[in-house]
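In full-length UniProt numbering, the protein residues as written are 1 to 565. The structure appears below as structure tokens.
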């Protein structure tokens, strides 16, 4: 390509020649704006602090391949925008501290661009925009929404989604400051007073990580009666299961107690996790782990998961929906039987089928046994399921490293802690009207109504007081002429904000975990359902696969009623 005349360009930049600038940044911005207006983009090619800066065309230079293979052997088509432009301007800092320009070569070997969006240098963000990206990213805002926010403030912004990803990567690398991700994470744990512990393999790779936010530790030590434990998946790039331990506050609100990244879901993994949890509170989940670490703790099984396991294993044995509904009705009667005698006397047909699977664990889910323990209405792990969904709402993707996941966990915990604290303080300044205390008004008021209007059962089973830690209608009826004592209310429901806190201890630097093989069909399977690689959506459970299959079969029978099987 012939060299274009530099006369017109020189006429536009001559007014900069000889001018003085207070800073290098001011000099560069003036040169950049001058050439952008003519369809050319410039960038800093070389510089030395407080001495000089060399400005060249952003298409200057020659492409250098990073691959060891010759270009003709590469399968992927590659291209470059570099065409070795001769354009060159140099700025120098004088003895008086001001900067001046030397126009060495302002000629170009290409036509000006009609739209500057194709130049990466024109898509760069300003310092204020970069700070805004950092602030919004910390807040958990997704890149597309950040870009929309920037464009609302500056409609002429040329940035695209890739620009934001590059900026976020640069910010992350600057924060690491040469440290490994694990090293930076552990140092942040120390500054933020996290409780944490870990395990590593013989090669130094992290295999287990226990962590508890200081605010979570406070709540866990205050409300230590009930905890719901459940694992969730697709939360991190290492494909490690994440065990959530969920507590229950006096306002009946769930809170994150601690998190444990596990290598596998074997007994020894859960034993270690529970040992760390026990140290914190100072005192398919494997039941044996609880019996090892907490031998005196009452362990209940989730009735929802039990029912869904029965659906997965049994539903395909029933041809008619009516027979299946009758079977499940009978099974529900077993789970909610209030006495052991009723269970064994009237449900032999069900026990004969389920005795080998669930009856050995009947003390952990049947009402006749669990209603003697204070579970405060927590018979299912729905709290944990809701906590999983909330956490994934902060994560957005399943490809974050530990540092990224922990930062999102902190956001969730801070917001959750503020909500619980606000609810507690509101209760302090409110005067209850006839037991209408918000955290248990429906349960307690129901018992009050029965005591007031005489609709009591002849005999008190004691189940309500035993499970909920609240006075039942019979106790209220006895106290009509007097008053209830505070001891009749379990400490779980009392408002107390005397929080405790512990220190932490430092740990050495470790290598990042090895990526685990997740549950589900292996990669490349022909019938493997294709989900976005960054998705946090879980894989379907066995009962969902069975129900979908049964529904599909039922529809086929309706569509072809005369077909022989």
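C-beta atoms are modelled at their ideal positions from N, C-alpha and C, and glycine is treated no differently.
- For residue 201, no beta strand (DSSP E) run applies, since DSSP gives it neither H nor E.
- Positions of the beta strand (DSSP E) runs, each at least 3 residues long and wholly inside the segment 189-258, are given as 195-200, 206-212, 227-232, 242-248 in order along the chain.
- With contacts defined by Cβ atoms closer than 8 Å, residue 42 and residue 56 form a contacting pair.
- Out of 192, 189, 210, the CA that lies nearest to the CA of residue 198 is found in 210.
- In the DSSP annotation of this structure, the continuous segment of the alpha helix (DSSP H) that includes residue 144 starts and ends at 143-153.
- A contact is defined here as three or more CB-CB pairs under 8 Å, and the segment 171-185 fails this definition with respect to the segment 259-269.
- Check the Cα spacing between residue 87 and each of 517, 31, 141: the tightest is with 31.
- Under DSSP, residue 54 shares a beta bridge with 46, 90.
- Taking 8 Å as the cut-off, the beta carbon of residue 232 is found closer than this to the beta carbon of residue 242.
- The Cβ atoms of residue 171 and residue 202 lie no closer than 8 Å to each other.
- Per DSSP, reduced to three states, the secondary structure at residue 391 is helical.
- A distance below 7 Å between beta-carbons, with the five flanking residues on each side excluded, links residue 157 to the following residues of its chain, in chain order: 150, 151.
- The beta carbon of residue 405 sits closer than 7 Å to the beta carbons of 235, 236, 395 from its chain, once the five residues preceding and following it are set aside; these are given in chain order.
- Note that the C-beta distance between residue 230 and residue 385 is below 8 Å.
- Remark: C-beta atoms of residue 256 and residue 244 approach each other more closely than 8 Å.
- Sorting 131, 512, 58, 280 by C-alpha distance to the C-alpha of residue 193 places 280 at the top.
- Judged by their CB atoms, residue 91 and residue 103 are not nearer to each other than the 8 Å cut-off.
- When DSSP reads this structure, residue 260 sits in a beta bridge with 210, 243.
- In this structure, residue 161 sits near residue 147, with a CB-CB distance shorter than 8 Å.
- Nearest Cα to residue 143 within the set 155, 311, 169: 169.
- In this structure, the beta-carbon distance from residue 324 to residue 315 falls below 8 Å.
- Annotation: the continuous alpha helix (DSSP H) that includes residue 169 extends over 161-176.
- Residue 304 sits exposed, since fewer than 16 C-beta atoms from the chains shown fall within 10 Å of its C-beta.
- In its chain, beyond the 5 residues on either side, 140, 394 have a beta carbon closer than 7 Å to the beta carbon of residue 411.
- Here residue 175 is exposed. Its C-beta has fewer than 16 other C-beta atoms within 10 Å.
- In the three-state reduction of the DSSP assignment, residue 23 falls in the coil class.
- According to DSSP, residue pairing for residue 102 in a beta bridge involves 90.
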